[in-house]
Amino acid sequence: MTIQLKEELKALDQKHFLHPTTSIEQQQAQGPAAIFTEGKGIYLKDMEGNTYIDGMSSLWNVNVGHGREEIAEVAKEQMATLAFSSCFATFSNEPAIRLASKIASLAPGDLTTVFFTSGGSESNDTAIKLARHYWLLKGQPERQKIISRTQSYHGVAMGATNATGLQAFRDFTNSHAPDFHYVYNQSVRHLRETIEALGPETVAAFISEPVQGAGGVNIPQKDYFKEVRKICDEYGILFIADEVITGFGRTGKLFGMEHYGVVPDMMSFAKGVSSGYAQLGGVVISEKIHQDYCELSKGTLMHGYTYSGHALACQVGLKNIEILEREKLVENAAHMGEAMLEGFKALQEKYSFIGRVRTIGLLGAIELVKSRETGELFQSYLSPIFVQETMKRGLILRTVTYDQDTVVFSPPLILSKAELDEMLRILDETFEYVR
Ligand code: PLP
2 MTIQLKEELK
12 ALDQKHFLHP
22 TTSIEQQQAQ
32 GPAAIFTEGK
42 GIYLKDMEGN
52 TYIDGMSSLW
62 NVNVGHGREE
72 IAEVAKEQMA
82 TLAFSSCFAT
92 FSNEPAIRLA
102 SKIASLAPGD
112 LTTVFFTSGG
122 SESNDTAIKL
132 ARHYWLLKGQ
142 PERQKIISRT
152 QSYHGVAMGA
162 TNATGLQAFR
172 DFTNSHAPDF
182 HYVYNQSVRH
192 LRETIEALGP
202 ETVAAFISEP
212 VQGAGGVNIP
222 QKDYFKEVRK
232 ICDEYGILFI
242 ADEVITGFGR
252 TGKLFGMEHY
262 GVVPDMMSFA
272 KGVSSGYAQL
282 GGVVISEKIH
292 QDYCELSKGT
302 LMHGYTYSGH
312 ALACQVGLKN
322 IEILEREKLV
332 ENAAHMGEAM
342 LEGFKALQEK
352 YSFIGRVRTI
362 GLLGAIELVK
372 SRETGELFQS
382 YLSPIFVQET
392 MKRGLILRTV
402 TYDQDTVVFS
412 PPLILSKAEL
422 DEMLRILDET
432 FEYVR
């Protein structure tokens with residue numbers, strides 16, 4: 002690749018491409034940090050020929066790793082046969098039917114019926130709308146309020162934005178819809194108090210990630226969701242699990258809620274269902290809700306995306322799940338996750354500015370602190386500089402700096418011990434450099 006081509010692409014990018022969740026100032030000053038051209042396994046390659054470990058599975062989603070020929074093959078075949086046909090008005094296609102029943106067979110408890118979307122934000126909007134519609138059908142139209150947790154991230158569609166506890170996402174469009182409320186992360190008491198204050202008969206649903214991703218990989222205490230489930234049942238509130246990151250193996254179990262032994266009423270998924278090979282997501286609803294819909298619904302379900310049940314995306318999803326199962330990647334995530342934690346702990350012993358470390362499967366976080374005793378942060382956060390330095394050394398990571406200074410990890414579930422060691426070696430080298 003010539004320098005000329007890179008300069009040309011950089012100029013076009015700066016002028017014509019408004020990037021998602023990106024600092025416009027930074028883009029205009031520097032242009033793209035990398036222009037990727039290839040991916041294979043846990044590695045990405047940019048147009049200058051640099052290789053990087055994709056320590057985030059890109060956006061917590063490329064679970065089976067990059068460059069899977071067999072997914073490309075089924076995609077090509079499906080695209081040539083039937084890329085897309087509508088699923089509105091009872092039309093259907095075989096990949097959508099097969100994937101819905103496959104997901105129903107894998108999902109916990111009585112989660113049996115799937116509504117398809119093209120991603121996580123649409124999934125959470127759908128879950129919120131299905132929950133509200135449910136209460137209309139049940140003759141409780143006042144049940145419209147949604148409760149979520151501080152530091153949660155549920156996406157950027159309007160409902161998902163309002164449900165997101167990370168305030169910067171809501172402030173961006175001054176999205177402060179009155180029906181959305183936020184409870185402290187680990188506090189079951191605050192949840193109860195909030196429900197009581199709002200009036201339980203006005204609350205439609207509580208939504209939560211099993212483990213918060215963008216909020217800093219926050220892993221709830223063992224009994225948190227059991228208590229939440231009890232409270233939701235007591236007040237007749239629907240419990241929505243946002244498994245967009247945690248679904249399909251990321252935490253070392255197929256779904257994150259399995260760690261807590263709790264079955265939600267609805268579960269949204271995306272990312273790992275297709276490992277990013279196609280835009281796909283959805284919501285699984287319980288048999289009970291589905292039955293109530295079947296009995297009470299008279300008219301049309303006035304919610305649906307053009308791409309709900311996209312044949313090509315669903316075929317890709319089926320192949321992706323087949324790989325997850327065949328290669329036992331969920332088990333590998335559990336196993337390698339333990340090794341990753343050990344590696345983090347060894348680094349923690351070596352560097353005094355590493356605060357808390359945590360992992361659950363191949364989802365992890367390292368907090369950076371000025372003082373371990375007080376938890377005091379560096380004045381201007383260290384983690385953004387840190388991840389720039391790991392990238393120079395061939396490892397792509399991400400930071401969380403909302404009210405903490407944290408580096409987060411979400412490598413592909415195919416990670417081998419040798420690849421983990423390489424990741425840890427780069428981390429060690431970078432910590433040594435910034436210390
Ligand atoms: N929910 C969670 C927990 C997420 O992490 C994300 C994206 O990172 C979303 C929802 C939104 O998904 P998408 O970006 O596919 O719309």
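End of the sequence shown = 436 in our numbering, gap-free, step of one.
Glycine included, each C-beta is placed from N, C-alpha and C at the ideal position.
Quantities reported herein were computed from a predicted structural model and do not represent experimental measurements.
Pull up the CB-CB distance for residue i and residue j, whole angstroms please, since I reckon it's below 8 Å.
{"i": "Ala164", "j": "Arg251", "result": "Rounded, the Cβ-Cβ distance is 20 Å, inconsistent with contact."}
{"i": "Asp111", "j": "Glu288", "result": "4 Å"}
{"i": "Ala366", "j": "Arg373", "result": "So it is not a contact: roughly 15 Å between Cβ atoms."}
{"i": "Gln405", "j": "Gly253", "result": "The Cβ separation is near 23 Å, so there is no contact."}
{"i": "Ile232", "j": "Leu192", "result": "6 Å"}
{"i": "Lys7", "j": "Glu39", "result": "With a Cβ gap of about 16 Å, Lys7 and Glu39 do not count as contacting."}
{"i": "Thr118", "j": "Thr127", "result": "6 Å"}
{"i": "Val284", "j": "Met303", "result": "The pair is not a contact, with the Cβ atoms about 16 Å apart (cut-off 8 Å)."}
{"i": "Leu313", "j": "Gln79", "result": "5 Å"}
Take the Cβ of residue i as the centre, count every other Cβ of all protein chains shown within 10 Å, and call the residue buried at 16 or more, exposed below.
{"i": "Asp224", "result": "exposed"}
{"i": "Asn175", "result": "exposed"}
{"i": "Ala206", "result": "buried"}
{"i": "Gly200", "result": "exposed"}
{"i": "Lys272", "result": "buried"}
{"i": "Lys320", "result": "buried"}
{"i": "Asp234", "result": "exposed"}
{"i": "Phe1", "result": "Since the first and last residues shown for the chain are 2 and 436, residue 1 lies out of range."}
{"i": "Gln152", "result": "buried"}
{"i": "Ser276", "result": "buried"}
Here's a check: name, in chain order, each residue in its chain whose Cβ is nearer than 7 Å to the Cβ of residue i, leaving out the five neighbours to either side.
{"i": "Tyr352", "result": "Phe432, Arg436"}
{"i": "Leu107", "result": "Leu255"}
{"i": "Glu123", "result": "Ala158, Gly282, Tyr306"}
{"i": "Pro109", "result": "Phe256, Met258, Glu259, Val264"}
{"i": "Asp14", "result": "Gly32, Pro33"}
{"i": "Tyr382", "result": "Thr402, Asp406"}
{"i": "Lys346", "result": "Val358"}
To the nearest angstrom, report how far apart residue i and residue j are at their CA atoms.
{"i": "His155", "j": "Glu210", "result": "8 Å"}
{"i": "Val212", "j": "Lys371", "result": "26 Å"}
{"i": "His177", "j": "Gln187", "result": "23 Å"}
{"i": "Phe116", "j": "Asn219", "result": "28 Å"}
{"i": "Asn461", "j": "Ala215", "result": "The displayed coordinates of the chain run from 2 to 436. Any statement about residue 461 would go beyond what the structure contains."}
{"i": "Ile208", "j": "Val184", "result": "11 Å"}
{"i": "Glu244", "j": "Ile4", "result": "42 Å"}
{"i": "Asn51", "j": "Arg394", "result": "10 Å"}
{"i": "Gly356", "j": "Arg426", "result": "19 Å"}
{"i": "Ala340", "j": "Gln141", "result": "49 Å"}
{"i": "Ile290", "j": "Ala35", "result": "46 Å"}
{"i": "Glu95", "j": "Val317", "result": "13 Å"}
{"i": "Gln280", "j": "Lys77", "result": "15 Å"}
{"i": "Phe226", "j": "Arg190", "result": "13 Å"}
{"i": "Glu420", "j": "Tyr44", "result": "10 Å"}
{"i": "Lys41", "j": "Arg399", "result": "20 Å"}
Tell me which residues share the same chain as residue i and place their Cβ nearer than 6 Å to its Cβ, disregarding the 5 neighbours each side in the sequence.
{"i": "Val331", "result": "Gly250, Leu255"}
{"i": "Thr247", "result": "Pro211, Val212, Gly257"}
Closer than 8 Å by C-beta to residue i: which residues in its own chain qualify, once you throw out the five before and the five after it? Chain order, please.
{"i": "Gln145", "result": "Arg133, Trp136, Asp180, Thr203, Ala205"}
{"i": "Arg171", "result": "Thr162, Asn163, Thr165, His177"}
Below 8 Å, can you find three or more Cβ-Cβ pairs linking the region 61-71 to the region 316-327?
Segments in contact, yes.
Below 8 Å, how does it come out for the region 294-309 and the region 339-354: are there three or more Cβ pairs, yes or no?
Taking 8 Å as the limit for Cβ pairs, the verdict is that the region 339-354 does not touch the region 294-309.
Could you tell me whether the region 418-433 touches the region 85-94, using the rule of 3 or more Cβ pairs below 8 Å?
They do not touch, by the three-pair rule.
Check whether the region 389-396 and the region 11-20 are in contact - that is, three or more C-beta pairs closer than 8 Å.
The region 389-396 is not in contact with the region 11-20.
Contact between the region 50-67 and the region 408-417 is defined here as three or more beta-carbon pairs at a separation below 8 Å; is this criterion met?
Yes, the region 50-67 touches the region 408-417.
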